[in-house]
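K.L.:
Chains A and B, in that order, give the protein sequences.
Residue 130 in my numbering sits at position 130 of the first sequence; the count goes up by one each step and never skips.
Residue 44 in my numbering sits at position 44 of the second sequence; the count goes up by one each step and never skips.
All C-beta atoms in this analysis are idealised placements derived from N, C-alpha and C, irrespective of residue type, glycine included.
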Amino acid sequence: MSIDLEQFHETFYEESFEGLDIMESGLLELEQGEVDLENINTIFRSAHSIKGGSGTFGFTAVAEFTHDMETLLDQMRNGERQVTVPVVETLLGSVDVLRNMLNAIRDGSEIDVDNVSEMTTAIKGILGVADDVSVATEDTSSNAGGKGWIVNFAPFVDIMKTGNDTVRLMRELNSLADTAEVTVNNESLPPLNELDPEDCHQSWCIKLIGGDVSEDEIREVFAWVDDECDLKIESLADGKAQVSPEQTDGSEQQKTPAKSGSEKRANKPAESSSIRVNISKVDELINMVGELVITQSMLSRFGESEEFNDSTIERLKDGLAQLEGHTRELQESVMRIRMMPISFAFQRFPRLVHDLSTTFNKKIELIMTGESTELDKTVLEKIGDPLVHLVRNSLDHGIESPEKRVSAGKSETGVIELSAFHQGGNIVIQIKDDGAGLDKDKILSKAREKGLVTSDERLSDDQIHDLIFRPGFSTADVVSDVSGRGVGMDVVRRNIRELGGAVEVKSTQGEGSVFTIRLPLTLAILDGQLVGIGEETYILPVISIIESLQVKAENINAVAGNAEVYRLRDEYIPIVRLYQIFSVEPVSTELESGLLVVVEAEGKKIAIYVDDLLGQQQVVIKSLETNFKKIEGLSGATILGDGTVALIIDIAGLIDLYQKDMATNVVSIKGAAA
Amino acid sequence: MATILAVDDSASMRQMVTFTLKGAGYQVVEAADGQEALNKAKSQQFDLIITDVNMPIMDGITFIKNLRQEANYKFTPMLMLTTESAADKKSAGKAAGATGWIVKPFNPDQLLNTVKKVLG
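(1) Check the Cβ-Cβ distances between residue 227 (chain A) and every residue of chain B, and say whether any is below 8 Å.
(2) Using 10 angstroms around the beta-carbon of residue 217 (chain A), count the other beta-carbons present and answer buried if the total reaches 16, otherwise exposed.
(3) Would residue 29 (chain B) count as contacting chain A if we go by Cβ distances under 8 Å?
(4) Nearest by alpha-carbon distance to residue 363 (chain A): which of A:435, A:555, A:619 is it?
(5) Helix, strand or coil for residue 493 (chain A)? Go by DSSP, reduced to three states.
(6) Under a three-way DSSP split, which group does residue 103 (chain A) fall into?
(7) Give the residues from the stretch 158 to 172 of chain A that approach chain B closer than 9 Å (Cβ to any Cβ), ordered along the chain.
(8) Where does residue 100 (chain B) fall in DSSP's three states?
(9) So with CB distances below 9 Å, who are the chain A contacts of residue 54 (chain B)?
(10) For residue 452 (chain A), which of helix, strand or coil comes out of DSSP?
(11) Three-state secondary structure (DSSP) at residue 532 (chain A)?
(12) One question on the structure: do residue 341 (chain A) and residue 374 (chain A) come within less than 8 Å of each other, judged by their Cβ atoms?
(13) Going straight from the alpha carbon of residue 646 (chain A) to that of residue 67 (chain A), what length do you get?
(14) Given residue 118 (chain B), which residues of its chain have a CB within under 8 Å of its CB, disregarding the five upstream and five downstream residues?
(15) Would the stretch 499 to 507 of chain A count as touching the stretch 562 to 581 of chain A if we require 3 or more Cβ pairs under 8 Å?
(16) Please state whether DSSP places residue 214 (chain A) in a helix, a strand or coil.
(17) Specify, as a first and last residue, the run of the alpha helix (DSSP H) that residue 566 (chain A) falls within.
(18) Rounding to the nearest angstrom, what Cα-Cα distance links residue 433 (chain A) and residue 290 (chain A) in this structure?
(19) Note down, in chain order, each residue of its chain lying with its Cβ closer than 6 Å to the Cβ of residue 270 (chain A), except the 5 sequence neighbours on either side.
(20) Between which two residues does the alpha helix (DSSP H) holding residue 512 (chain A) run?
(21) Check residue 607 (chain A) in the structure and name its three-state DSSP category.
(22) Counting only the same chain and skipping the five closest in sequence on each side, list residues whose C-beta sits under 8 Å from that of residue 96 (chain B).
(23) Between the C-alpha atoms of residue 57 (chain A) and residue 122 (chain A), what's the straight-line distance to the nearest angstrom?
(24) With DSSP as the reference, please indicate the residues paired to residue 577 (chain A) in a beta bridge.
(25) Looking at the structure shown, is residue 34 (chain B) part of a helix, part of a strand, or coil, going by DSSP?
(26) Could you tell me the alpha carbon to alpha carbon distance between residue 42 (chain B) and residue 651 (chain A), rounded to whole angstroms?
(27) For residue 22 (chain B), return the contacting residues in chain A, with the cut-off set at a CB-CB distance below 9 Å.
(28) Compute the Euclidean distance between the alpha carbons of residue 313 (chain A) and residue 323 (chain A), then round it to the nearest angstrom.
(29) From residue 531 (chain A) to residue 496 (chain A), what does the alpha carbon distance come to, in whole angstroms?
(30) Is residue 518 (chain A) closer than 8 Å to residue 426 (chain A) when the C-beta atoms are compared?
(31) Identify, in the order they occur along the chain, each residue of the same chain with its Cβ nearer than 7 Å to the Cβ of residue 182 (chain A), setting aside the five sequence neighbours on each side.
(32) Between A:153, A:156, A:149, which has its C-alpha nearest residue 180 (chain A)'s C-alpha?
(33) Give the residues from the stretch 5 to 20 of chain A that approach chain B closer than 9 Å (Cβ to any Cβ), ordered along the chain.
(34) Quick test of the definition: if touching needs 3 or more C-beta pairs under 8 Å, does the stretch 349 to 361 of chain A touch the stretch 319 to 336 of chain A?
(35) Taking just the CA atoms, how far does residue 30 (chain A) sit from residue 14 (chain A)?
(36) For the alpha helix (DSSP H) containing residue 44 (chain A), name the first residue and the last one.
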């Protein structure tokens, strides 16, 4: 029977990468001087599993490399080796090498052999073994089969208590040779009234004839019961007894699979294509499908029935209501399958902070909270890079050097807090540091220099801080080799917006900064407010709506040029006439005859002028980019119940669009949000 | 056909063992650690136990030790999957009541041969 092992590879990679992450975080804990046996055990188990799996699935190079790591870890957990910083550093390095190896194998690319052998040497150096010990001495016992063998097998009384069956052993021996003659010795069998049927009192003498059997093959049969019996094997040829020396492992030596050539695979994208799902979530789904089937069969009865009267229609309505409920629950359950804890994105940070703080000579404590907060898998995979950028940024620009901190009256160790939590229908991730905070004057002069703001503009603190997200702001002298690898904060904001999220910063000079990222729970479905403009229907994300109101003429103020603002309590909010931006024919251009929807994104508010509010519903987001092309101010489209297409407004994008519009009209909305 | 309990904390190994054994017509139930395996073994009778040694929560040797004390598992074959060619793990397993072992890495054929041998 041949089984294609490749089908298990994806699972193997997945759990191996998970194992590596576990090892990494465990090692980082060790480094902080917390020598906890359970922790070392966990690290050991991960290495052990990777070794076992890679051996089984034919990745010999990985198995060999992991073997030395495992040996080292085994010494650590047995207390034979002290946990020192160099040892932990080497193991951390090995984790990286291993990760690269696995990535290379998965993507079908070459393994960096130099890297591997360098690390192997480093580990062997710690272990204090020469490079050539791997060649184990194979067994030297005689294999003279000859005519046959006499096997004297005298099991101990307790042999059955380990589940071993003497009959099985006989059967196996029998299968080796052409013929087997078995003589039973019942001498030590106690009288029946004293006999415990669970004990074994017999011994056997088996004569094996023909079949070209080697002594090793016979020993193999008895390998499991080696310490539970007296075993004597004599060759029939010379009649000389070859009394068994203590030798259990000779025939058990690991046989390494033939070659590593089968490790090649087609190129795979880095985003993992499979997902692990808790069984309870699947059960929930199956349960819901069951309910659906019941509802469906109930409804189909109406299709078959000949006549409709009031009572059948009433029951039909009930059925449809049930169907709606079940569909919604099913939808929610399916969505939950895609949800994963944010710890998957967080877990790389201890290592990152550890490495970077060494690079920068800064002392940093990383605090992470809310790691179990769940969000959509796609969002999770894509939020990693922006997060890394922000954390690097806090570490590089935010936290000061220990000397500066002390002279500023702060503790030497800076604190970076990474937290995630639910707020409204959103996931919020915050990166908070107690560093120097943003330097307003520096940002402002930089922005003026770059022409991002005019010298007479008066901006609020928040608006100044927000300038760092503008394209073209990031400049050479605020960029270090770590933070500024060609990506600016504008890219961070753009990436987060692509996920339907928003990022903003609050900062107090001398006390630190907080970057807040808001993300939707899922990318697939959105709670939408349908609004009508002329013949068209547009959808606003409910989450960004603050309020909707009827327009009072006295609250409308025209400011310079053609900009209008609406006075809402103490605020002046710019009015955006959506029909102008999208060039559609409205029912009316008179503000009083329509409605204003006040929306907010990234701390900025606008009032969108619409003809009518049409109702709220959940809409399935269809990407414009994949079906058409990206359009500024729109995040996607959806199909409504009546089959028409409605466009979904991207509020943050719309605000940008509006600001650009105003800027080209040389009218800035300065102070409007203040 | 015989029912086998396969215990391993590694999902890929578990998949491989299950797939191989099911392919040969055995019924297979999986468990991810010793404790889960013990609970399953107590609620259902198995004809053979195949367990990994190094596992979180409860390791394979403790699991075998506990299960061997159950009256219905007095003579049930219990095999350890082990990469430890070192004799101490094997003898610790034997002392706990293990029937025998399968040395990792193994291929599906080796696994099936051993299982057939034990189940007869």
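P.N.:
Let's see:
(1) Counting from 1 along the first sequence, the entry for residue 227 (chain A) is found at position 227. Taking Cβ atoms only, chain B reaches closer than 8 Å to residue 227 (chain A), which makes this a yes.
(2) Looking up residue 217 (chain A) in the first sequence gives position 217. Classification for residue 217 (chain A): buried.
(3) Along the second sequence, one-based indexing puts residue 29 (chain B) at 29. Not an interface residue.
(4) Residue numbering aside, residue 363 (chain A) sits at position 363 when the first sequence is read from its first letter. Here the closest residue by C-alpha is A:435.
(5) If you number the first sequence from 1, residue 493 (chain A) lands on position 493. Note: residue 493 (chain A) maps to helix in three-state DSSP.
(6) Counted from its first residue, the first sequence places residue 103 (chain A) at position 103. In this structure, DSSP gives residue 103 (chain A) a helical state, which the three-state scheme calls helix.
(7) 160, 161, 162, 163, 164, 165, 167, 168, 171, 172
(8) One-based indexing of the second sequence puts residue 100 (chain B) at position 100. Three-state result, residue 100 (chain B): strand.
(9) Taking the first residue of the second sequence as 1, we reach residue 54 (chain B) at position 54. Result: 41, 44, 45, 48, 49, 52.
(10) Counted from its first residue, the first sequence places residue 452 (chain A) at position 452. Looking at residue 452 (chain A) - three-state DSSP - the assignment turns out to be coil, as it is neither helix nor strand.
(11) Taking the first sequence and counting its residues from 1, the one referred to as residue 532 (chain A) is at position 532. Here residue 532 (chain A) sits in strand by DSSP.
(12) Taking the first sequence and counting its residues from 1, one reaches residue 341 (chain A) at position 341. Taking the first sequence and counting its residues from 1, one reaches residue 374 (chain A) at position 374. For the pair residue 341 (chain A) and residue 374 (chain A), the CB atoms are nearer than the 8 Å cut-off.
(13) Within the first sequence, residue 646 (chain A) is the residue found at index 646, counting from 1. Within the first sequence, residue 67 (chain A) is the residue found at index 67, counting from 1. Their backbone Cα atoms lie some 59 Å apart in a straight line.
(14) One-based indexing of the second sequence puts residue 118 (chain B) at position 118. Only 48, 77, 79, 99, 100 meet the Cβ criterion.
(15) By the criterion of at least three beta-carbon pairs nearer than 8 Å, the stretch 499 to 507 of chain A is not in contact with the stretch 562 to 581 of chain A.
(16) Residue numbering aside, residue 214 (chain A) sits at position 214 when the first sequence is read from its first letter. DSSP places residue 214 (chain A) in the coil class of the three-state scheme, outside both helix and strand.
(17) Numbered from its first residue, the first sequence carries residue 566 (chain A) at position 566. Run containing residue 566 (chain A): none in the alpha helix (DSSP H); it sits in the beta strand (DSSP E), 564 to 568.
(18) The sequence position of residue 433 (chain A) within the first sequence is 433, counting from 1. The sequence position of residue 290 (chain A) within the first sequence is 290, counting from 1. Approximately 50 Å between the Cα atoms of the pair.
(19) Within the first sequence, numbered from 1, the residue matching residue 270 (chain A) stands at position 270. Unreliable positioning characterises residue 270 (chain A) in this predicted model, as indicated by a pLDDT of 43, which lies under 50. The coordinate reading is nonetheless provided below. Excluding positions up to five away in sequence, the list is empty.
(20) By 1-based counting over the first sequence, the position of residue 512 (chain A) is 512. Not the alpha helix (DSSP H): residue 512 (chain A) falls in the beta strand (DSSP E), residues 512 to 520.
(21) Against the first sequence, residue 607 (chain A) aligns to sequence position 607. Looking at residue 607 (chain A) - three-state DSSP - the assignment turns out to be strand.
(22) In the second sequence, counting from the first residue as 1, residue 96 (chain B) sits at position 96. 61, 62, 64, 65, 68, listed in sequence order.
(23) For this step, residue 57 (chain A) is matched to residue 57 along the first sequence. For this step, residue 122 (chain A) is matched to residue 122 along the first sequence. Their backbone Cα atoms lie some 26 Å apart in a straight line.
(24) In the first sequence, counting from the first residue as 1, residue 577 (chain A) sits at position 577. Note: residue 577 (chain A) sits in a beta bridge opposite A:609.
(25) By one-based count along the second sequence, residue 34 (chain B) stands at place 34. Taken through DSSP and simplified to helix, strand or coil, residue 34 (chain B) comes out as helix.
(26) Translated into positions along the second sequence, residue 42 (chain B) becomes position 42. Translated into positions along the first sequence, residue 651 (chain A) becomes position 651. If you take the alpha carbons of residue 42 (chain B) and residue 651 (chain A), they lie about 58 Å apart.
(27) Position 22 of the second sequence, counted from the start, is the residue given in the question as residue 22 (chain B). Here the premise fails: no neighbours, minimum Cβ distance about 11 Å.
(28) The residue given as residue 313 (chain A) occupies position 313 in the first sequence. The residue given as residue 323 (chain A) occupies position 323 in the first sequence. Roughly 15 Å separates the two Cα atoms.
(29) Counting from 1 along the first sequence, the entry for residue 531 (chain A) is found at position 531. Counting from 1 along the first sequence, the entry for residue 496 (chain A) is found at position 496. Rounded to the nearest angstrom, the two C-alpha atoms are 26 Å apart.
(30) Counting from 1 along the first sequence, the entry for residue 426 (chain A) is found at position 426. Counting from 1 along the first sequence, the entry for residue 518 (chain A) is found at position 518. Yes.
(31) Taking the first residue of the first sequence as 1, we reach residue 182 (chain A) at position 182. Answer for residue 182 (chain A): 170, 204, 206, listed in chain order.
(32) By 1-based counting over the first sequence, the position of residue 180 (chain A) is 180. Of the candidates A:153, A:156, A:149, A:149 places its Cα closest to the Cα of residue 180 (chain A).
(33) Of all residues in the stretch 5 to 20 of chain A, 5, 7, 8, 9, 10, 11, 12, 13, 14, 15, 16, 19 have a Cβ within less than 9 Å of some Cβ in chain B.
(34) no
(35) In the first sequence, residue 14 (chain A) corresponds to position 14, counting from 1. In the first sequence, residue 30 (chain A) corresponds to position 30, counting from 1. Their backbone Cα atoms lie some 24 Å apart in a straight line.
(36) On the first sequence, residue 44 (chain A) is found 44 positions in, with the first residue counted as 1. 37 to 56 is the span of the alpha helix (DSSP H), which, as asked, contains residue 44 (chain A).
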